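Chains as they are written, first to last, in my numbering: chain A, 1 to 126; chain B, 1001 to 1126. All C-beta atoms in this analysis are idealised placements derived from N, C-alpha and C, irrespective of residue type, glycine included. The structure displayed is predicted, hence computed values, not measured ones.
Number of protein chains: 2
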Amino acid sequence: MDIIISNASGEPIYTQIVTQIKTLILEGKLKEGDALPSMRNLAMQLRISVITTKRAYEELERDGFIESYTGKGSFVKAQNKELYREEQLKKIEAMLTEAADKAKRCSIPLSELQEILEIVYGGTES
Amino acid sequence: MDIIISNASGEPIYTQIVTQIKTLILEGKLKEGDALPSMRNLAMQLRISVITTKRAYEELERDGFIESYTGKGSFVKAQNKELYREEQLKKIEAMLTEAADKAKRCSIPLSELQEILEIVYGGTES
DNA sequence: ATAATGTATATATCGGATATACACATTAAG
DNA sequence: CTTAATGTGTATATCCGATATATACATTAT
């Protein structure tokens, strides 16, 4: 568990933790059942409060990445890729809806939107 | 100029003013060269500070809807529909890019995105 | 000069976001 | 049962951006 936090970035600490652990899980470097560092332990390492690590773990739990058990610890959950996909799909749909609304207000046709989408989808490197 | 502000809405006052004046202009109820109420005048009517009306007018000016001249007043600019369209297009492109990024991370294919876009574009009432 | 207009600086207030201390509850191990 | 680990809950501190303001200043028209 190499979590690195940067005070300079302006990004909140708990967010940095969440993102990094999510990435580790999504990349398969942390697998189902793997134990995460205890909240206290991680807090010590990073020299931050337990409450901040708790907040990060809470978010990971809400998003279905891990599970915590009082007295035992926190563990990586079975990845529910389908669920994750569904959630992302909802967010994507919301974004597309907003974009479509804006477009309609300026009489920008659907075809133009489709073109743009095609370009940005193709052009963005992951 | 019937500007109506509602303290209950939670929406900031200056935003309410901006939106309502933009709408009046876009709907053609305010035309090129028309004088807006002076900042002080509008502030009196709405029982708010001049600074708040100024802030609203500043935003309208930034967005190219009006122009203000010290000592004279504020006036509706010639509508540059093309410019407005371009600006909206930039915002739309940014939204689509973000959506595309999210989609790629979940291996959601472009075709699925296109479908969704088609649905939300068609289905949203203006 | 006067009275209208817009402008600039410094300030108050509020609320959400972030991070915290400390006490409490649960579990596992001896 | 005691101990030491774990996660949890309540109440609090702090900071920062957003919002709105008062007051004084600058410009224009008459």
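Can you grab the Cα-Cα spacing for the pair residue i / residue j, in whole Å?
i	j	result
A:S107	B:I1005	29 Å
A:A35	A:Y121	36 Å
B:T1019	B:A1094	22 Å
B:V1076	A:L113	30 Å
B:L1117	A:I21	32 Å
B:T1023	B:P1037	16 Å
A:I3	A:I25	13 Å
A:S49	A:L96	39 Å
B:A1043	A:N7	43 Å
A:L46	A:K81	30 Å
B:K1102	A:E27	16 Å
A:S9	A:I119	31 Å
B:I1013	B:T1052	8 Å
B:M1001	A:R62	48 Å
A:P109	A:I17	42 Å
Relative to the C-alpha of residue i, which candidate in the options has its C-alpha closest?
i	options	result
A:N41	A:V18, A:S74, A:F65	A:S74
B:T1015	B:L1089, B:L1026, B:E1058	B:E1058
B:A1078	B:L1030, B:D1101, B:Q1020, B:A1008	B:L1030
A:Y69	A:A43, A:G33, A:L83, A:E27	A:G33
A:K91	B:K1090, B:E1087, B:A1099, B:E1115	B:A1099
B:L1089	A:I17, A:Q88, A:R105	A:R105
Kindly list the residues whose CB is nearer than 8 Å to the CB of residue i, restricted to its own chain and excluding five residues on each side of it in sequence; keep chain order.
i	result
A:S111	none
A:E86	none
Short of 7 Å in beta carbon distance, which residues of its chain neighbour residue i, apart from the five on each side in sequence? Order them along the chain.
i	result
A:L83	G64
A:K127	This structure gives no information on residue 127 of chain A, because the portion of chain A shown stretches from 1 to 126.
A:I66	L36, Y57, L60, S74, F75, V76, K77
B:E970	Absent from the structure is residue 970 of chain B, since the part of chain B shown begins at 1001 and ends at 1126.
B:K1072	none
Closer than 6 Å by C-beta to residue i: which residues in its own chain qualify, once you throw out the five before and the five after it? Chain order, please.
i	result
A:E11	none
Review point. According to a CB-to-CB cut-off of less than 8 Å, which residues of the stretch 1090 to 1103 of chain B neighbour chain A?
Key: K1091, I1092, E1093, M1095, L1096, T1097, E1098, A1099, A1100, D1101, K1102, A1103
Review point. Going along the chain, which unbroken runs of the alpha helix (DSSP H) with 4 or more residues stay wholly within the stretch 11 to 80 of chain A?
Key: 13 to 26, 39 to 46, 50 to 62
Review point. For the stretch 17 to 35 of chain A, which residues have a beta carbon sitting closer than 8 Å to at least one beta carbon of chain B?
Key: none
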